[in-house]
Every structure is written in structure tokens, then in C-alpha cells.
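Student: Under this note's numbering, the residue at position 241 of the sequence shown is numbered 243, and the numbers go up by one with no gaps. Every residue gets a Cβ at the ideal spot worked out from N, C-alpha and C, and that includes glycine.
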Amino acid sequence: MSGAFHFRLLTLASFCLLELQAAVVPINSALPNAQPLQDGRIVGGYQVDIEKFPYQVSIRLDSSVLIHICGGSIYAPRIIITAAHCLKGRYASTIRIVAGSSTIANSTEEGVAVQKLIYHSGYVKKTHDNDVGLVILKTALVYSSTIQAIPLAQSSALVGTPAIASGWGKDDENAQQLTNLLQAVELQIVDSEECAVQYAVNNYVITDEMICAAAEEGGKDTCQGDSGGPLVVDGKLLGIVSWGIGCAQHYPGVYVSVPYHVEWIVQQAAQYL
Ligand code: 4AZ
């Protein structure tokens with residue numbers, strides 16, 4: 003094993019630990035009714051081509067190689083929407099954006115440089131409140147069959163509405179690595195009151211600016227590494243992958259509500275259009 007590869011693994015491992023502390027409370031192994039571990043990606047998803055998800059980008063940390071840290075969605079040629087927790091504490095000079103690729107394993111990828119990282123002033127790490135941010139690129143993306151913007155959902159979706167999430171995150175909450183090829187999973191919008199009751203047991207509050215999604219049949223969810231990426235309903239960006247307790251276990255995934263934050267996004271983005 004080469005020194006560079008070792009370094010990369012170590013960096014990735016330490017990052018995952020940070021993300022674990024930031025976004026997940028590792029207590030679900032003690033809970034009853036554990037589901038069998040699912041065989042699939044994202045969790046319980048399937049491999050897809052970037053041409054079907056041309057708004058999906060990979061946010062990378064430039065650390066001699068580019069390491070995938072989060073997903074994001076293209077809003078405009080120079081504007082990526084992601085989660086605040088992907089950006090807080092980082093410098094624009096250390097982040098690059100890779101658009102138009104189905105894989106995160108291409109080591110020759112250079113991505114696009116970043117001018118500015120913007121995250122919501124109301125973001126609170128502990129409660130996951132207002133976990134929304136923007137990455138402003140130095141140069142505009144050139145739209146193509148693999149690179150396209152996605153419109154924002156202006157209104158919320160009813161309980162049970164089908165939604166699709168995508169990303170390169172772990173295919174199991176205990177996985178040691180990300181998935182190299184883009185995955186997608188079909189979920190449904192979960193009743194916020196029910197979601198709130200479930201999370202209240204762990205002293206988490208599901209606010210009006212959060213949306214819960216899960217699969218009725220279980221075994222499907224977003225997971226670490228999917229953060230910041232898209233939850234899409236009817237071809238519009240409805241949610242941003244934010245947090246959850248475990249992945250595809252007993253709790254729905256929690257997403258930032260794009261309709262709730264649409265004014266913030268539009269206002270912050272205006273000068274970079
Ligand atoms: C994370 O740590 C994360 N199951 C993302 C999504 C979910 C849990 C954790 C939802 O990035």
C-alpha cells in the first residue's frame with residue numbers, strides 16, 4: 003500500500019469521525035426491532051448515471067487528493083446548495099466542486115475552485131437547526147447532459163409523496179467507506195408530527211424548517227457522506243440531506259426544508275447569478 007493511499011484513508015477516517023459527532027447519535031444498536039442490514043447503496047438504493055441526476059455534485063476537500071465530504075445541488079452556474087454542517091469551519095480555498103461525474107473514485111479529477119462559502123447565521127450544530135449553505139464557485143459550470151441546475155420547490159409536499167435522494171454516502175451506517183458510484187433511493191415524505199414524536203425520545207426537536215423522509219418498507223435511507231445532497235420531488239429540490247439517528251434503522255432521515263428557506267437561498271444567491 004502506497005504512502006499516499008495510507009494518508010488518504012487516514013484523512014477519510016478522521017473526517018468520518020467528525021461527521022459522526024456532528025450529525026449522528028450512535029445509540030441505535032441498543033434499540034429493539036433492529037432491521038437486518040440492507041444490501042444496497044446510499045442505503046437500500048441502486049446505482050444511477052449522473053445524466054439522470056445532473057444537478058448532483060460532489061463537494062471535495064483538497065488535501066493533496068480531493069476527498070469527497072458531502073453532496074450538493076446545482077442552483078445556478080456558480081451556486082451550489084448544500085448543508086451548513088458541510089461548510090462551517092472550512093475555508094473556501096480548501097474546497098473544490100466536482101460536477102458531471104458518476105464516480106468519486108477518479109483521482110485525476112481537479113474540480114472547480116471556490117470563491118466563497120456561505121452558511122445560514124442560524125445554523126446550530128447541536129440541534130441541526132438551519133443546516134443550509136451555499137458554495138459560490140470562482141468559475142461558472144458549463145451546463146451539459148451531465149451538468150444542470152435544479153429548480154427549488156416553492157411549497158412543501160404532502161405526507162406520502164414520493165421523493166428521491168442521491169449521493170455517494172455509505173451503504174450501511176457501519177460501513178468503513180463511501181460508495182464510488184452514484185446511488186439513488188426512493189423515499190416518501192413522513193408526517194412531521196410522527197417524526198417529531200420519534201426523535202423527541204432522544205431530545206431532538208423536528209422544527210418547521212426540517213422535513214422527514216423514509217421508506218415504508220424500511221431499509222432505505224441516506225447516510226454519512228450523502229449530507230448536503232438533494233431530496234427531489236417532481237423534479238424540484240425539496241430537501242437537503244441533513245441528519246438522522248443511524249441510517250435505515252428506526253428513524254426517518256431528516257432534511258432541510260427548501261420551501262422554508264427559499265427566500266434565504268434566493269437572497270443570498272442573488273449577487274452571484
Ligand atoms: C450524515 O452523517 C447523515 N439517515 C446523513 C443522513 C442521515 C444520517 C446521517 C440520515 O451525514
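Is residue 243 near the ligand 4AZ, in the sense that its beta carbon is under 7 Å from a heavy atom of that ligand?
Tutor: The answer is yes for residue 243.
Student: Which residue spans inside the segment 230-271 form an unbroken alpha helix (DSSP H) run of at least 4?
Tutor: Fully enclosed alpha helix (DSSP H) runs of 4 or longer: 260-271.
Student: What's the C-alpha gap between residue 241 and residue 94?
Tutor: About 24 Å.
Student: Determine the contact status of residue 274 and residue 138, defining contact as a CB-CB distance below 8 Å.
Tutor: Yes, these two residues count as a Cβ contact at 8 Å.
Student: Alpha carbon to alpha carbon, how far is residue 24 from residue 174?
Tutor: In this prediction, residue 24 scores a pLDDT of 33, lower than 50, which makes its location untrustworthy; the coordinate-derived value is nonetheless stated afterwards. One C-alpha to the other measures close to 18 Å.
Student: Could you pull the DSSP bridge partners for residue 153 from this structure?
Tutor: Partner(s): none; residue 153 has no beta bridge.
Student: Regarding residue 197 and the ligand 4AZ, is the C-beta to nearest heavy atom distance less than 7 Å?
Tutor: Answer for residue 197: no, Cβ out of range of the ligand 4AZ.
Student: Rounded to the nearest angstrom, how far is the Cβ of residue 104 from that of residue 183, given a contact under 8 Å?
Tutor: Going by Cβ atoms, the distance from residue 104 to residue 183 rounds to 6 Å, so yes, they are a contact pair.
Student: In the DSSP assignment, the alpha helix (DSSP H) including residue 200 goes from what residue to what residue?
Tutor: From DSSP, the alpha helix (DSSP H) with residue 200 extends over 194-202.
Student: Name the residue from 168, 78 and 109 whose alpha carbon lies nearest to the alpha carbon of residue 142.
Tutor: Looking at the Cα atoms, 78 is the closest of the given residues.
Student: Would DSSP call residue 30 helix, strand or coil?
Tutor: Residue placement at residue 30 is poorly supported in this model, since its pLDDT is 28, which falls under 50; the coordinates still yield a value, given next. If DSSP states are grouped into helix, strand and coil, residue 30 belongs with the helices.
Student: Residue 50 and residue 177 look like a contact to me (Cβ under 8 Å); what is the Cβ gap, rounded to whole Å?
Tutor: With a Cβ gap of about 19 Å, residue 50 and residue 177 do not count as contacting.
Student: Just curious, the beta strand (DSSP E) that residue 135 is in, first and last residue?
Tutor: That run of the beta strand (DSSP E) goes 135-139.
Student: Beta-carbon within less than 6 Å of residue 199's beta-carbon, same chain only, minus the 5 sequence neighbours each way: which residues are those?
Tutor: Excluding residues within five positions, none has a Cβ falling inside 6 Å.
Student: Given 7 Å as the limit, tell me if residue 181 has its C-beta closer than that to any heavy atom belonging to the ligand 4AZ.
Tutor: No, the Cβ of residue 181 stays beyond 7 Å of every heavy atom of the ligand 4AZ.
Student: Nearest-angstrom Cα distance between residue 122 and residue 61?
Tutor: Approximately 18 Å, taken between the alpha carbons.
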